[in-house]
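Please read the structure below before turning to the comments.
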Amino acid sequence: MKISFGEFCIRSYEYSDLEALVKYANNPNISKLLRDKFPFPYTKTDAESWLIHACNQEVETNFAIANEKELIGAIGINLQEDVNRFSAEIGYWIGEPFWGKGITTKALQIFSDYAFRNFRLNRIYAHVFEGNVASEKVLLKAGYKKEATLQKAVFKEEKFLDQYIYAILKEELPEVK
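The numbering of the sequence shown is the working numbering, which starts it at 518 and goes up by one.
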């Protein structure tokens with residue numbers, strides 16, 4: 518899969534993404550905003566394990582955000598099951614040199630549209646940790662709405678943090694331009 522937007526794209530992972538994945542993911546300013554499954558330091562072994570998983574998905578749900586040269590971030594969904602089977606959790610990150618440039622917002626808009634078109638989804642949601650104001654802004658700009666605050670639901674870096682839930686329904690998705 519590859520969807521281009523300007524000089525960037527959302528595409529399938531490639532084993533050749535290894536070096537760029539380590540370069541951009543090995544950053545405490547990124548890992549502190551994500552679940553502990555996203556480690557710091559982010560080693561070559563971590564990247565190899567992730568790429569083996571991502572390149573061999575039975576149903577492709579995780580993708581690279583890239584420029585013309587290399588991977589610069591990632592975006593993906595976790596499809597839910599049972600009574601939540603028409604929902605998916607979305608997650609994303611982008612390398613720090615690319616922060617504040619609108620790339621993540623555009624990628625989120627495009628990927629949300631892709632997910633609704635290609636999976637039987639009615640709702641996509643994201644969890645955001647307290648203090649990650651940039652991610653909250655990205656979600657709002659992409660049309661997501663804040664649904665809830667889970668008080669002190671996350672334990673990260675030796676402290677309890679609120680966790681916010683943002684979501685968008687298929688019928689609410691703005692037209693992607």
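Here a beta-carbon is modelled for each residue, glycine too, at the ideal position from N, C-alpha and C.
### Message
So for LYS576, helix, strand or coil by DSSP?
### Response
According to the sequence shown, residue 576 is Val rather than Lys. DSSP places VAL576 in coil when its eight states are reduced to three.
### Task
Name the two residues that bound the continuous beta strand (DSSP E) containing ASP630.
Unbroken run through ASP630 is the alpha helix (DSSP H), 620–635; no beta strand (DSSP E).
#### Entry: Euclidean distance between Cα positions of ASN584 and VAL600
38 Å
### Task
Under 7 Å Cβ to Cβ from GLN668, same chain only, skipping five residues before and after it: list those, please.
ASP679
### Message
At the level of alpha carbons, what is the spacing between PHE555 and SER548?
### Response
6 Å
### Buried or exposed by the 16-neighbour rule on C-beta atoms within 10 Å, applied to GLY612
buried
### Query
Just how far apart, CA to CA, sit ALA651 and GLY590?
15 Å
### Same chain, Cβ closer than 8 Å to GLU606, five either side skipped, listed in chain order
ILE594, ASN595, GLN597, ILE641, TYR642, ALA643, HIS644
### Query
Over what stretch of residues does the alpha helix (DSSP H) that includes VAL655 continue unbroken?
650–658
### Query
Over what stretch of residues does the alpha helix (DSSP H) that includes LEU538 continue unbroken?
535–542
### Message
Within a Cβ cutoff of 7 Å, which residues of the same chain sit near ASP630, ignoring the five residues on either side of it in sequence?
### Response
LEU690, VAL693
#### Entry: Assigned exposure category for GLU647 - 16 Cβ within 10 Å defines buried
buried
### Task
For the stretch 528–541 and the stretch 573–580, state whether three or more C-beta atom pairs, one from each stretch, are separated by less than 8 Å.
yes
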